[in-house]
Structure formats: C-alpha cells, structure tokens
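In order, the protein sequence lines correspond to chains P and W.
By full-length UniProt numbering, the letter at position 68 of the first sequence is numbered 68, and the numbering carries on one by one without gaps.
By full-length UniProt numbering, the letter at position 16 of the second sequence is numbered 16, and the numbering carries on one by one without gaps.
Reviewing the structure listed below.
Number of protein chains: 2
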Amino acid sequence: MPRQTSQKAAKPELLATPMENAGIIDFEIIELLFFAYRDFVSDPDQILVKSGFGRAHHRVVHFVNREPGMTVADLLETLKITKQSLARVLKQLIDSGYIRQVAGPEDRRQRKLYPTQAGRDLALALAEPQSRRIERAFAGASDATRESVKRFLRGMQD
Amino acid sequence: MPRQTSQKAAKPELLATPMENAGIIDFEIIELLFFAYRDFVSDPDQILVKSGFGRAHHRVVHFVNREPGMTVADLLETLKITKQSLARVLKQLIDSGYIRQVAGPEDRRQRKLYPTQAGRDLALALAEPQSRRIERAFAGASDATRESVKRFLRGMQD
DNA sequence: AAAATATGTCAGCTTTATTGACGTATTTTT
DNA sequence: AAAAATACGTCAATAAAGCTGACATATTTT
Numbered sequence: 001m002p003r004q005t006s007q008k009a010a011k012p013e014l015l016a017t018p019m020e021n022a023g024i025i026d027f028e029i030i031e032l033l034f035f036a037y038r039d040f041v042s043d044p045d046q047i048l049v050k051s052g053f054g055r056a057h058h059r060v061v062h063f064v065n066r067e068p069g070m071t072v073a074d075l076l077e078t079l080k081i082t083k084q085s086l087a088r089v090l091k092q093l094i095d096s097g098y099i100r101q102v103a104g105p106e107d108r109r110q111r112k113l114y115p116t117q118a119g120r121d122l123a124l125a126l127a128e129p130q131s132r133r134i135e136r137a138f139a140g141a142s143d144a145t146r147e148s149v150k151r152f153l154r155g156m157q158d
Numbered sequence: 001m002p003r004q005t006s007q008k009a010a011k012p013e014l015l016a017t018p019m020e021n022a023g024i025i026d027f028e029i030i031e032l033l034f035f036a037y038r039d040f041v042s043d044p045d046q047i048l049v050k051s052g053f054g055r056a057h058h059r060v061v062h063f064v065n066r067e068p069g070m071t072v073a074d075l076l077e078t079l080k081i082t083k084q085s086l087a088r089v090l091k092q093l094i095d096s097g098y099i100r101q102v103a104g105p106e107d108r109r110q111r112k113l114y115p116t117q118a119g120r121d122l123a124l125a126l127a128e129p130q131s132r133r134i135e136r137a138f139a140g141a142s143d144a145t146r147e148s149v150k151r152f153l154r155g156m157q158d
C-alpha cells in the first residue's frame with residue numbers, strides 16, 4: 001500500500017529549486033563522468049554474464065594480461081581491494097583456466113600470474129567494445145584533443 | 001597452505017608478453033578511465049561511511065537535488081537499476097529526513113521526490129570534493145580543453 | 001633462531017544489486 | 001461502469017563483490 005505521503009512531522013522545508021549554487025560545484029562534469037562510466041562498463045558486463053563472471057573478474061583478467069608475471073601483491077595494490085576479496089575471484093579464474101600461477105623464480109613465496117591463451121582471448125573480447133566506444137567518443141578529434149582528455153583523466157587520479 | 005603452483009594439467013601455454021595487439025585496442029584510455037573513476041568516487045565514499053550510507057544513497061540524493069520533483073520512475077530510468085534496488089535506499093533517505101515524497105498534483109499515483117535542507121546540504125558536501133578534484137584535473141586548461149573533455153564524456157554515453 | 005614477508009584460507013558480515021510475485025491506488029481505455 | 005494499464009510499494013530469496021579479523025604455511029631476511 002503506497003503510504004499516502006506520510007511525513008512524520010510535516011515540516012514544510014521542501015526544496016523545489018534545482019540546487020543553484022552559484023556555479024561553485026561542477027555538477028555537469030560530475031554527471032558526465034557518472035553516465036560515461038556507467039555505460040562504459042555496461043559493454044563488458046553483458047559479455048561477462050555469459051561466462052558467469054562479473055566486473056571483478058574483468059579487472060583481474062585485464063591487468064594480468066596487461067602485465068603478465070605480476071604478483072598477487074601487485075594486483076592488490078592496483079585494484080585497491082583486500083586480499084580476501086581478490087582471493088575468491090582469482091581462484092575462479094585459475095580454476096576456469098584463464099590464469100595460471102607460477103612461483104617466483106627469485107622469491108618463491110611469490111605467485112606470479114600469467115594469462116593462458118583463453119585468458120588473453122577473454123581480455124581482448126572484453127576490451128574490444130570498450131575501445132570501440134572510446135573511438136566513437138573521439139570521432140573527429142585531433143591528437144591534441146586526445147592528449148587533453150588523457151591529461152584530464154590522469155589529473156583525476158590521486 | 002599455498003598450493004605449490006598446482007596446475008591440473010601442465011599445459012605450457014602461458015603468455016608472458018604484455019598483449020601487444022597492434023594498437024587496435026586503446027588500453028591506455030580504458031585504464032585511465034578505471035583509475036580516474038575509482039579515485040573520483042573515493043571522495044564521497046569516505047564521507048558516506050560516517051552517515052552509514054553508501055554510493056547508492058549518494059546517487060539518489062544527487063539526482064533528487066539536481067531535479068527536485070522527479071518521480072520514482074524518473075529516478076529508475078536515470079540510475080538504470082530496478083525498483084526493488086531503489087526502494088530500500090530511498091526508504092532510508094526518507095526515514096532519515098533527507099528526502100520527502102509528495103503525491104503528484106496531476107497524477108496522484110506518482111510520488112514526486114524533493115530534498116529537505118539536510119538533503120541539499122548532504123548533496124553539496126558530497127559534490128564538493130569531487131568538484132575540487134575536477135578543478136585540479138583541469139588546472140591551467142583552456143575553455144576549449146574543457147569543452148573537448150565534455151564532448152568526449154558525452155560521446156561515451158549510449 | 002627469530003622476525004618479516006607473500007600468500008592462502010576460514011568464518012562471518014555488509015552493501016548493492018538482482019528476479020519474481022503480489023497488493024493498492026489511480027488513471028486510461030474499452 | 002468495467003477492464004486494463006500505470007505508478008508505486010513490498011515480501012522473499014538470491015547473488016556479486018566487497019569488508020574485517022584471525023590464523024596457517026612457506027620462504028626469505030635479519
């Protein structure tokens with residue numbers, strides 16, 4: 001039953017104006033980033049459901065392919081998640097044959113991570129629609145524009 | 001016990017090369033977007049934990065403040081989530097006094113959503129560090145550069 | 001020999017999302 | 001006026017992805 005607009009105490013302090021804050025806050029870019037990222041990750045999401053994987057698997061497969069031989073610690077640092085969070089996802093990828101572990105040749109405590117051919121294929125399949133989307137967004141843009149966008153994105157990082 | 005690098009079947013198909021795909025895929029922008037967004041949402045996340053809210057609450061408070069009077073259906077369309085997912089988050093925000101509902105004046109089935117003053121304050125507090133980050137990323141950039149970035153981000157949307 | 005490091009693992013919890021089903025009030029269509 | 005569609009709310013069950021804390025093992029460093 002829709003609860004008949006129940007206000008516990010009928011304080012009349014509703015704000016009907018759209019947050020005009022004298023342009024101090026850049027709401028436009030904030031929202032553009034939200035929508036851009038939302039749609040950007042939707043491409044691989046659709047592919048991943050077929051394999052029974054999620055976004056977390058995508059990120060792991062991506063970075064292991066980009067930097068084969070990276071250790072578990074490297075991956076934790078890159079993804080900024082906890083060891084326990086990574087463990088489940090990584091285990092599934094190893095069990096499914098997309099990633100392999102090799103004990104570090106110098107430091108044998110380490111587990112160096114490598115993609116298999118299937119892992120590489122998956123990473124490429126996931127990156128492809130994202131890359132196409134980026135190309136579309138850059139349609140007709142100059143090299144200088146591309147550089148500006150890269151500089152902006154780099155500046156957004158900590 | 002670290003499982004001694006156990007490969008079920010020791011197929012030798014490990015790939016040690018860093019995915020050189022002739023530059024077909026734009027890995028650089030893909031990663032820049034990932035890192036930029038990761039750090040971009042980390043600012044409000046820190047504020048939200050204090051209130052016991054999460055990212056979902058942030059998004060709802062943000063859009064209701066940006067467009068007071070929007071309906072539940074509008075919000076579902078904007079966030080691209082399901083009614084049930086929104087329900088809990090919205091209920092908490094209403095119960096906590098950040099958002100109020102008013103039956104639509106023309107169509108009384110609708111629930112129009114408005115922020116309270118507390119809701120507006122919260123939205124601004126969350127947007128502020130994000131906006132500062134954006135300003136930092138644009139440091140020294142021309143208006144043309146800002147426009148290029150906006151065009152790119154718009155082009156990334158569906 | 002002791003301490004530190006890299007990794008794995010167990011147990012339990014939280015947030016955010018999902019699907020499916022159903023109820024109610026209201027408006028539109030027939 | 002009756003039937004259908006719409007807007008919203010809610011119950012129940014589930015999943016993905018993260019978290020904390022604690023502890024074990026192998027290995028390297030001190």
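Ideal Cβ placement from N, Cα and C applies to all residues, glycine included.
As the structure is a computational prediction, the values presented were derived from the model and not from experiment.
Check	Outcome
Run of the alpha helix (DSSP H) containing residue 163 of chain P, from where it starts to where it stops	Residue 163 of chain P falls outside the range modelled here, since chain P spans only 1 to 158, and no answer is possible.
DSSP three-state assignment for Q92 of chain P, whether helix, strand or coil	helix
Neighbouring residues, chain P, relative to D107 of chain W (Cβ below 7 Å)	Ordered by position in chain P, no residue passes the 7 Å Cβ test against D107 of chain W, which lies about 13 Å from the chain.
Enclosing alpha helix (DSSP H) for Q117 of chain W [first to last residue]	117-137
Whole-angstrom C-beta distance between G155 of chain P and R136 of chain W, which should lie under 8 Å	6 Å
Three-pair Cβ contact test at 8 Å for the region 108-117 of chain W versus the region 58-66 of chain W	yes
As assigned by DSSP and simplified to three states, the class of Y98 of chain W	coil
Distance between F152 of chain W and F138 of chain P (C-alpha atoms, nearest Å)	6 Å
T78 of chain P - DSSP class collapsed to helix/strand/coil	helix
Residue-level contact to chain W via CB, Q157 of chain P, 8 Å cutoff	yes
Contacts of E128 of chain W in chain P (Cβ-Cβ under 9 Å)	I24, I25
For T17 of chain W, three-class secondary structure by DSSP	coil
Cβ pair L93 of chain W, V60 of chain W closer than 8 Å	yes
Where the alpha helix (DSSP H) through D43 of chain P begins and ends	27-51
Chain P contact for M70 of chain W (CB, 8 Å cutoff)	no
Proximity test, Cβ basis, 8 Å: Y98 of chain P and chain W	no
Contact under 8 Å by Cβ, L14 of chain W with R100 of chain P	yes
Simplified DSSP state of A141 of chain P, which is helix, strand or coil	coil
Proximity test, Cβ basis, 8 Å: F152 of chain W and chain P	yes
Contacts that L15 of chain P makes with chain W (C-beta to C-beta distance below 9 Å)	N65, P68, Y114, P115, T116, Q117, G119, R120
Reference L32 of chain W; option with closest CA among P:A141, P:A144, P:I134	P:I134
Minimum Cβ-Cβ distance from M1 of chain P to chain W less than 8 Å	Below a pLDDT of 50, predicted positions are generally treated as unreliable, and M1 of chain P, at 41, falls in that range; the measurement from the model is reported next regardless. For M1 of chain P, the answer is no, since every Cβ of chain W falls outside 8 Å of its Cβ.
Span separating the alpha-carbon of T78 of chain W from that of E147 of chain P	30 Å
CB contact check: residue 167 of chain W to chain P, cutoff 8 Å	Chain W is shown only over 1 to 158; residue 167 of chain W falls outside these bounds and no answer can be derived.
Bridge partners - M70 of chain P, DSSP secondary structure assignment	P:L113
C-alpha distance - M70 of chain P paired with V102 of chain W, whole-angstrom precision	54 Å
At least 3 beta-carbon pairs within less than 8 Å: the region 37-49 of chain P vs the region 82-91 of chain W	no
From P:Q157, P:T145, P:A125, residue whose alpha carbon lies closest to that of K50 of chain P	P:A125
Nonlocal neighbours in the same chain, by C-beta distance under 7 Å from P68 of chain W, ignoring five residues either side	Y114, P115
Distance between A118 of chain P and Q130 of chain P (C-alpha atoms, nearest Å)	19 Å
Below-8 Å beta-carbon distance, R55 of chain W vs any chain P residue	no
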